[in-house]
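Residue numbers (the numbering used here): 4 to 432.
Every residue, glycine too, gets a C-beta built ideally from N, C-alpha and C.
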């Protein structure tokens, strides 16, 4: 793995206390006029698509590919030709062919062409439907004239996604330069997308360095978003790397939250591997948080294997992993779920799993549910769920719910009893 130079990392960290003066550097001054009117771009696309080309015709696609810029033409001619070609390319239905034509189109652009093309793309309203193509254009502009691109985005594109794409493309190649270029930039929202893009780009070459940078950031929404959005880079490097990476987080709350998110991502890819990852986590709270999420996904795919895994965990983690198992086991067989939970012992920390069991079994098997509410460790919770389950059952089978309450008076409090059994029937007892 390429290691992000520590001096480069430290040199970038000054930007995280937001609000420091703006430094963009020398700006491109020779900028072209605005792109042609969006309506004319759409008209051009429709006209050319209808009269001159059928998308599925390979011969006509070949004609479109040969339509290159007239390098000796005027700036206005180049703009018009760019407009026509871009509209034409975006009408190609085959994604592979559209991408190939777009890359050929980008190769023809000079650094001074990009602003007109990007602004026209945006003004025509194509971004929401062609984000992949727009990201190609942005990334290419960043590779040729990043400072001009940043200045344009700062002034014209409030969409945080566009800012993240642009900075991420540059930061993956030159994180120090990208950090310097966005020094002090804010975007008006709760999340600074300039910073998130910078972290994303750094993570592509070194997720560990990106994490070190994240930990220097203020504990706010930007930090939370940044660490969440680099998780795919962590997962792509495998289970062993993910385990080492999560242990690098020195803030307990951030580590716990991230372990939970990372566990979910890993489990969706491979629940067996994710369960092994959880078992090897050294920090107890992170292991507990991750186990709850992993067990939920694991149990939904292979309940019996999830049961075996949960029972193999240390007690401090088993109690959390039991929640996902209890939920799915109660759906399959409430009586089996109740018995399984009883075999795990009287640990109060199992209340979360017991409550999952109650919620999942109460509608289909209210009697089995009621018989196990007493296993909750807190009397207040027992009262709450006796009342809830009996009240719900009473709506669908009033006679049965009242009868159960009358027959099990010693198990429920007087308050619960009175809330279920009508006064008239209580007077007859």
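Which residues bound the alpha helix (DSSP H) around residue 395?
-> Walking along the chain shown from the start, residue 395 turns up at place 392. Taken as a continuous stretch (DSSP letters only), the alpha helix (DSSP H) holding residue 395 covers 382-399.
Residue 99 classed as buried or exposed, judged by whether at least 16 other C-beta atoms fall within 10 angstroms = Sequence index remark: in the chain shown, residue 99 carries index 96 (1-based). By the 10 Å Cβ count, residue 99 comes out exposed.
For residue 377, does the count of other Cβ atoms within 10 angstroms reach 16, so buried, or fall short, so exposed?
-> Within the chain shown, the letter at position 374 stands for residue 377. Classification for residue 377: exposed.
Just to confirm, are residue 267 and residue 281 a CB contact at a threshold of 9 Å?
-> Here residue 267 refers to the residue found at position 264 of the chain shown. Here residue 281 refers to the residue found at position 278 of the chain shown. Against a cut-off of 9 Å, the Cβ pair of residue 281 and residue 267 comes out as no contact.
Would you kindly check if the distance between the Cβ of residue 370 and the Cβ of residue 343 is under 9 Å?
-> For the purposes of this step, residue 343 is identified with residue 340 of the chain shown, where counting begins at 1. For the purposes of this step, residue 370 is identified with residue 367 of the chain shown, where counting begins at 1. Inclusion of residue 343 and residue 370 in the CB contact set at 9 Å is not warranted, their separation being larger than that value.
Residues of its chain near residue 335, where Cβ-Cβ distance is below 8 Å and the 5 sequence neighbours each way are ignored | The residue you call residue 335 lines up with position 332 of the chain shown. Closer than 8 Å at the Cβ level, and outside the excluded window around residue 335, lie 306.
What first and last residue would you give for the alpha helix (DSSP H) that runs through residue 259?
-> Taking the first residue of the chain shown as position 1, residue 259 is located at position 256. Segment 255-272, the alpha helix (DSSP H) holding residue 259.
CA-to-CA distance, residue 225 to residue 263, given in whole angstroms = Here residue 263 refers to the residue found at position 260 when the chain shown is read from its first residue. Here residue 225 refers to the residue found at position 222 when the chain shown is read from its first residue. Cα to Cα, the separation comes out at about 18 Å.
First through last residue of the alpha helix (DSSP H) which encompasses residue 168 | The residue given as residue 168 occupies position 165 in the chain shown. Counted as a single uninterrupted DSSP element, the alpha helix (DSSP H) harbouring residue 168 occupies residues 163-174.
Should residue 251 go down as buried or exposed, given a rule of 16 or more other Cβ atoms within 10 Å for buried?
-> For the purposes of this step, residue 251 is taken as residue 248 along the chain shown, with counting starting at 1. So residue 251 counts as exposed.
Which term fits residue 108, buried or exposed, when burial requires 16 or more other beta carbons within 10 angstroms of its beta carbon?
-> On the chain shown, position 105 is the one that residue 108 refers to. Buried.
For residue 183, three-class secondary structure by DSSP | By 1-based counting over the chain shown, the position of residue 183 is 180. DSSP places residue 183 in helix when its eight states are reduced to three.
Specify the secondary structure class of residue 240 as computed by DSSP and reduced to three states.
-> Against the chain shown, residue 240 aligns to sequence position 237. Secondary structure at residue 240: coil, using DSSP grouped into helix, strand and coil.
How would you label residue 132, buried or exposed, when you count the other beta carbons within 10 angstroms and need 16 or more for buried?
-> Indexing the chain shown from 1 puts residue 132 at position 129. Per the 10 Å Cβ criterion, exposed.
Determine, using beta carbons only, whether residue 287 and residue 327 come nearer to each other than 9 Å.
-> On the chain shown, position 284 is the one that residue 287 refers to. On the chain shown, position 324 is the one that residue 327 refers to. Contact flag unset, no.
How would you label residue 383, buried or exposed, when you count the other beta carbons within 10 angstroms and need 16 or more for buried?
-> Position 380 of the chain shown, counting from 1, holds the residue named residue 383. Exposed is the call here.
Ordered along the chain, which non-local residues of its own chain (more than five positions away) have a Cβ less than 6 Å from that of residue 312?
-> What you label residue 312 is simply residue 309 of the chain shown in a count that begins at 1. Contacts found: 278.
Using a threshold of 9 Å, state whether the C-beta atoms of residue 178 and residue 144 are closer than that.
-> Walking along the chain shown from the start, residue 178 turns up at place 175. Walking along the chain shown from the start, residue 144 turns up at place 141. Judged by their CB atoms, residue 178 and residue 144 are not nearer to each other than the 9 Å cut-off.
Could you round the C-beta distance between residue 92 and residue 105 to whole angstroms and report it? I think they count as a contact, below 8 Å.
-> Taking the chain shown and counting its residues from 1, the one referred to as residue 92 is at position 89. Taking the chain shown and counting its residues from 1, the one referred to as residue 105 is at position 102. For a cut-off of 8 Å, the C-beta gap from residue 92 to residue 105 is around 5 Å, short enough to register as a contact.
Got a sec? Which residues, its chain only, sit under 6 Å from residue 125 by beta carbon, not counting five neighbours each side?
-> Locating residue 125 in the chain shown gives position 122, counting from the first residue. Cβ neighbours of residue 125 beyond the five flanking positions: none.
Straight-line gap, residue 402 to residue 191 (C-alpha atoms, nearest Å) | As a position in the chain shown, residue 402 is number 399, starting the count at 1. As a position in the chain shown, residue 191 is number 188, starting the count at 1. For residue 402 and residue 191, the distance between alpha carbons rounds to 60 Å.
Candidates 332, 366 and 368: which alpha carbon is nearest residue 356's?
-> In the chain shown, residue 356 corresponds to position 353, counting from 1. Closest option to residue 356, Cα to Cα, is 332.
Distance, residue 301 Cα to residue 275 Cα | Stepping through the chain shown from its first residue, residue 275 is reached at position 272. Stepping through the chain shown from its first residue, residue 301 is reached at position 298. When rounded, the distance between both Cα atoms is 7 Å.
Residue 396: which of 352, 201 and 423 sits nearest, CA to CA?
-> On the chain shown, position 393 is the one that residue 396 refers to. Considering only alpha carbons, the answer is 423.
Excluding sequence positions up to five away, which residues of its chain have a Cβ less than 7 Å from the Cβ of residue 303?
-> The residue you call residue 303 lines up with position 300 of the chain shown. So the list reads 331, once near-sequence residues are dropped.
What is the rounded straight-line gap between the Cα of residue 47 and the Cα of residue 89?
-> One-based indexing of the chain shown puts residue 47 at position 44. One-based indexing of the chain shown puts residue 89 at position 86. Only weak support exists for where residue 47 lies, its pLDDT of 33 falling under 50; the coordinates are left without a value.
Backbone CA spacing between residue 232 and residue 270 [nearest angstrom] = Against the chain shown, residue 232 aligns to sequence position 229. Against the chain shown, residue 270 aligns to sequence position 267. Each residue's Cα considered, the two are about 17 Å apart.
Run the CB neighbour count on residue 318, radius 10 Å, all protein chains shown included, and call it buried at 16 or more, exposed below.
-> Taking the chain shown and counting its residues from 1, the one referred to as residue 318 is at position 315. The residue is exposed, with fewer than 16 neighbouring Cβ atoms inside 10 Å.
So is residue 228 in contact with chain D if we call contact Cβ pairs under 9 Å?
-> Within the model displayed, chain D is absent; a lone protein chain is all it includes.
Check residue 194 in the structure and name its three-state DSSP category.
-> Within the chain shown, the letter at position 191 stands for residue 194. If DSSP states are grouped into helix, strand and coil, residue 194 belongs with coil.
Quick one: is residue 241 buried, meaning 16 or more other Cβ sit within 10 Å of its Cβ, or exposed?
-> Mapped onto the chain shown, residue 241 falls at position 238. Under the 10 Å beta carbon count, residue 241 is surrounded by fewer than 16 other beta carbons and is classified as exposed.
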